Amino acid sequence: MARTGDRSRSVAASALGSLDLSLDRTSPVPLYHQLARQLESAIEHGTLAPGNLLGNEVGLSARLGLSRPTVRQAVQSLVDKGLLVRRRGVGTQVVRSQVKRPLELSSLYDDLESAGQGPSTRVLRNAVVPATAVAAAALGLAEGAEVTLLERLRFAHGQPMAFLCNYLPTALLELDSPRLESTGLYRMMRSAGITLHSARQTVGARRATAEEAARLDEKEGAALLTMQRTAYDDTGRPVEYGTHVYRASRYSFDFQLLVRP
533 MARTGDRSRS VAASALGSLD LSLDRTSPVP LYHQLARQLE SAIEHGTLAP
583 GNLLGNEVGL SARLGLSRPT VRQAVQSLVD KGLLVRRRGV GTQVVRSQVK
633 RPLELSSLYD DLESAGQGPS TRVLRNAVVP ATAVAAAALG LAEGAEVTLL
683 ERLRFAHGQP MAFLCNYLPT ALLELDSPRL ESTGLYRMMR SAGITLHSAR
733 QTVGARRATA EEAARLDEKE GAALLTMQRT AYDDTGRPVE YGTHVYRASR
783 YSFDFQLLVR P
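Under my numbering, the letters of the sequence shown match residues 533 to 793, in that order.
Given below as structure tokens:
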């Protein structure tokens, strides 16, 4: 019977064997950074899956023909990002990939699904409430007018990713909680014939409250990304106002910046 250590080394060899690591020793880019980027890319694309073992730094150094300090620096950069973890007696293990979301008018559910992140949802609240001043202003309604309030937890591979709070005009569409737990809000809106056209969005950051930390499996005070968005349909009508918080350890926004001609 194979011992645990033998099995670990076998899994590590299998995980690394599926990678095509290519380091350019003539490049001005440091070798540790080249290695870190290729390992991160493999994690993002699922070539290295959560639970895969990379072995220890001695084995990695021998396989790649790199010095231990170089491998250690590459591994540490991914440990700092929460993508890898060092386990005593086992080696370096893939924890998870960080979701990178492009800044475009799309739903988190669709983005996670297209990235192979296995999204799921838990509806915490689905109720008609008086609109707050901020939500009313965003939706073009009088303060206190009735709106539908949705509060949801979004998961990726069973792990909490974001807490989503959305306000919508009550007459916009029927929002069934079981369906909301099996698909995305924007997908439901499109199915109801609502054509999303544009949005105004603000991205920020702050520390997690005790309640948010408990919901998102983080420590109180952990870094959170925040997003406020007002979405409009093709007639210019505001159809949704959302205020969301995301785990910064597992989530980031991607920007493409262009030089203005």
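In this text, a Cβ means the ideal position worked out from N, Cα and C, and glycines have one as well. Please read these numbers as outputs of a predicted model, since none were measured by experiment.
Are there three or more Cβ pairs, one per stretch, closer than 8 Å when the segment 671-681 is compared with the segment 738-757?
-> Fewer than three Cβ pairs drawn from the segment 671-681 and the segment 738-757 lie within less than 8 Å of each other, which leaves the two stretches out of contact.
Uninterrupted beta strand (DSSP E) stretches inside the segment 563-632 (no shorter than 3 residues) = List check, beta strand (DSSP E) in window: 585-587, 616-619, 623-626.
Per DSSP, the bridge partner or partners of GLY736 = In DSSP, GLY736 forms a bridge with THR758.
Roughly how many angstroms separate the alpha carbons of PRO560 and GLN566, rounded to a whole number?
-> 10 Å
DSSP beta-bridge partners of THR680 = VAL660, LEU700
Given 8 Å as the limit, is there contact between the segment 729-736 and the segment 708-717, that is, 3 or more CB pairs closer than that?
-> When C-beta atoms of the segment 729-736 are compared with those of the segment 708-717, fewer than three pairs fall below 8 Å, so the two segments do not count as touching.
Closest by CA to ALA665, which one among ASP766, SER554, ALA674?
-> ALA674
Distance between VAL603 and ASP766 (C-alpha atoms, nearest Å) = Using only the alpha carbons, I get a separation of about 52 Å.
Leaving out five residues on either side along the sequence, give the residues of the same chain with a beta carbon under 6 Å from the beta carbon of LEU682.
-> ASN658, ASN698
CB-CB under 6 Å to GLY774, same chain, minus the five flanking residues each way: which ones, in chain order?
-> Around GLY774: ASN698, ARG761.
Out of curiosity, what's the CA-to-CA distance linking ALA606 and LEU585?
-> 15 Å
According to DSSP, what are the bridge partners of PRO710?
-> PRO710 is not bridged to any residue.
So, LEU757 versus ALA780, is the Cβ gap smaller than 7 Å?
-> Taking 7 Å as the cut-off, the beta carbon of LEU757 is found closer than this to the beta carbon of ALA780.
For ASP552, which option in PRO562, LEU580, GLN691, TYR564 has the closest C-alpha, if you only look at C-alpha atoms?
-> LEU580
Can you pull the DSSP bridge partners for THR741?
-> Paired residue(s): none; THR741 is not in a bridge.
Neighbour-count burial assignment, ALA737, 16 or more Cβ in a 10 Å radius = exposed
In terms of DSSP beta bridges, what is PRO560 paired with?
-> PRO560 is not bridged to any residue.
Grab the span of the beta strand (DSSP E) containing THR779 for me, first residue to last.
-> This sequence places Arg at residue 779; Thr is not what is there. Unbroken beta strand (DSSP E) run through ARG779: 770-779.
Contact check, MET693 vs ARG684 under 8 Å by CB: the rounded distance?
-> Not confirmed; about 11 Å, so no contact.
What is the residue span of the alpha helix (DSSP H) that ALA669 lies within?
-> 665-671
Can you give the beta carbon distance from LEU610 to GLU572, rounded, assuming they're within the 8 Å contact cut?
-> Contact holds; Cβ gap of about 6 Å.
Leaving out five residues on either side along the sequence, give the residues of the same chain with a beta carbon under 6 Å from the beta carbon of ARG600.
-> GLU589, SER593
Starting from the C-beta of ARG618, find all residues in its chain whose C-beta is less than 7 Å away, skip the five residues before and the five after it, and write them out in chain order.
-> VAL611, THR624
According to DSSP, is ALA746 helix, strand or coil?
-> helix
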